[in-house]
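> This is the structure I have questions about; it appears just below.
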C-alpha cells in the first residue's frame, strides 16, 4: 500500500511540474513582474481594462478577456500562489470547477485527502484610515493620492521565507501533503484513520532550508504604498471609500481592505447640513435699513448675487434654490443655499447722527 501511495505522489509531482511550464504568462499580459504588489496588479488591470474595453476596441476583445482572466488569478492570493508554483494548467487542476483534483486521490486510501485545499482562505484585518478633505473637494470632486506604510510580502522571496526557490523543499514528514495519518486498531477487523496537520511543517507541506536574508525568514516586511483616491462630488462627512484586498499582506492570507473615512476639514465659510449649505453674511446698519447688493464667492468660485431692497432684520434668512451641495447619488440634483444675515451696529453714534436717525424714524 505504501509503495502504491508513494508512486501516486511521484506521478502527481511530475504532472504539476509539467503544468508549471504550460499556459499563458499572466504577468506578461498585465505588463508586470512576479514581484509586483497587489496594488500594482490592480492599477495595471484598471489601466488595461479601460484601454482595451470592447466598447473602445472591438477588435481587441480576445485581449480584453485575457486581461480579465489574468487579473482574476493574480488578484486572488491563493490562486496566485498556485499559478506561481504550477502555472495555468496547475491552476485549472486545482480550481477547475468539477475537474480532477490531484490531491483528491488520497481519498482512495481512506479519506486522507488535503481537506485544507477546500477550506476558505482566511482574510486579514481591514485597515481604517481617516482622509481629511475640504468642503470644496466634496463640492467639486477631486482625485488625490495617499501614501501609507503597511505590512507586505517580502519583495525578495515573495512570502516564501526562503533565500531561493530551491531552498523550499518538500516536507519529509508528510511527503508534501501537509497532513499525517495514523491508523488505530479498534478491534478485530476494525481500524480508525486519524488525520492531523503535520507537526514538522505546520501543515504547509514545505520546509525552508535556508532563510531569506532580506526578511530573515519572516516572509513579510514593511512597505510603502501610494493609492489614488477618487473624492466624488457630494460625498458626505464620515462616508467611506473601500479599496478591496489592499490591506496588510501575510502568506496564505487574503489581504483585508483599506477603508478611508471622509473627514471634512474645519474652518470653511460655509456650513453643511445634508445637501444644504449655510452662509453667514454681515451687513451694516445702513444696508439693513436701505437695502444692498452683494456677491458670495461659492465653493467652486462662481458668484452668487444677493439683492435686498427691504429692511433686513438680525437673523433674517433667505433661501437660494439649487445653490447647495450636489447629491452624491445624483450629482445633477442639488440642495439649497441659506444666507443668514448678521447686522453690524456702530460702536459710537455722534449727536448729529442721532438727530438724523430720530428724524428718519419718526
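In my numbering, the protein residues as written are 149 to 510. Ideal Cβ positions, reconstructed from N, Cα and C, are used throughout, including at glycine. Nothing here was measured: the structure is a model prediction, and the numbers come from that model.
Alpha carbons only, please: which of 443, 506, 462 and 400 is nearest the one belonging to residue 455?
Looking at the Cα atoms, 443 is the closest of the given residues.
> For residue 148 and residue 202, what's the separation of their Cα atoms in angstroms?
Residue 148 is absent from the structure shown; the chain starts at 149 and stops at 510.
> Nearest to residue 283 by CA position, among 434, 486, 214 and 413, is which residue?
For the residues 434, 486, 214 and 413, the minimum Cα distance to residue 283 belongs to 413.
> If you run the structure through DSSP and keep just helix, strand and coil, what is residue 198?
Looking at residue 198 - three-state DSSP - the assignment turns out to be helix.
> Short of 6 Å in beta carbon distance, which residues of its chain neighbour residue 467, apart from the five on each side in sequence? Order them along the chain.
Excluding positions up to five away in sequence, the list reads 484 and 486.
> Among the residues of its own chain, which have a CB less than 8 Å from the CB of residue 89, if the five just before and after it don't count?
Outside the displayed span of the chain (149 to 510) sits residue 89, for which this structure offers no information.
> Assuming residue 209 is part of the alpha helix (DSSP H), what are its boundary residues?
From DSSP, the alpha helix (DSSP H) with residue 209 extends over 209-222.
> Taking all protein chains shown into account, decide if residue 474 is buried (16 or more other Cβ within 10 angstroms of its Cβ) or exposed.
Per the 10 Å Cβ criterion, buried.
> Mapping DSSP to helix, strand and coil, what is residue 324?
Three-state DSSP puts residue 324 in coil, outside helix and strand.
> In angstroms with no decimal places, state the Cα-to-Cα distance between residue 243 and residue 184.
A caution first: residue 243 carries a pLDDT of 48, below 50, which makes its placement in the model unreliable, though a value can still be read off. Whole-angstrom Cα-Cα distance: 23 Å.
> I think residue 447 touches residue 287, with their Cβ atoms under 8 Å apart; what is that distance to the nearest whole Å?
About 4 Å; that satisfies the 8 Å criterion.
> Drop a sphere of 10 angstroms on the beta-carbon of residue 386, count the other beta-carbons inside from all chains shown, and report buried for 16 or more, exposed for fewer.
Its Cβ having fewer than 16 others within 10 Å, residue 386 is exposed.
> Would you say the segment 348-359 touches the segment 373-391, given that touching needs at least three Cβ pairs under 8 Å?
Contact between the segment 348-359 and the segment 373-391 is absent, because fewer than three Cβ pairs lie under 8 Å.
> Which residue wins for smallest C-alpha separation from residue 401, given the options 320, 216 and 226?
Checked all of 320, 216 and 226; the closest Cα to residue 401 is 226.
> Quick check: the Cα distance between residue 296 and residue 438, rounded to an integer number of angstroms?
Taking the straight line from one Cα to the other gives about 57 Å.
> What is the rounded straight-line gap between the Cα of residue 471 and the Cα of residue 422?
Distance between the alpha carbons of residue 471 and residue 422: 13 Å.
> For residue 332, which of helix, strand or coil comes out of DSSP?
Correct three-state label for residue 332: strand.
> Tell me the start and end of each unbroken alpha helix (DSSP H) in the segment 366-400 that is at least 4 residues and wholly inside, in chain order.
The qualifying runs do not exist here; there are none.
> Just to confirm my understanding: we take residue 214, look at its own chain, exclude 5 residues before and 5 after, and list those with CB closer than 8 Å. What are they?
These residues qualify, in order along the chain: 172 and 177.
> Classify residue 505 as helix, strand or coil using the three-state DSSP reduction.
Residue 505 falls in the helix class under three-state DSSP.
> Quick one: is residue 481 buried, meaning 16 or more other Cβ sit within 10 Å of its Cβ, or exposed?
Looking at its Cβ environment, which holds fewer than 16 other Cβ atoms inside 10 Å, residue 481 is exposed.
> Return helix, strand or coil for residue 493, following the three-state DSSP convention.
Note: residue 493 maps to coil in three-state DSSP.
> Please classify residue 188: does DSSP put it in a helix, a strand, or coil?
Here residue 188 sits in helix by DSSP.
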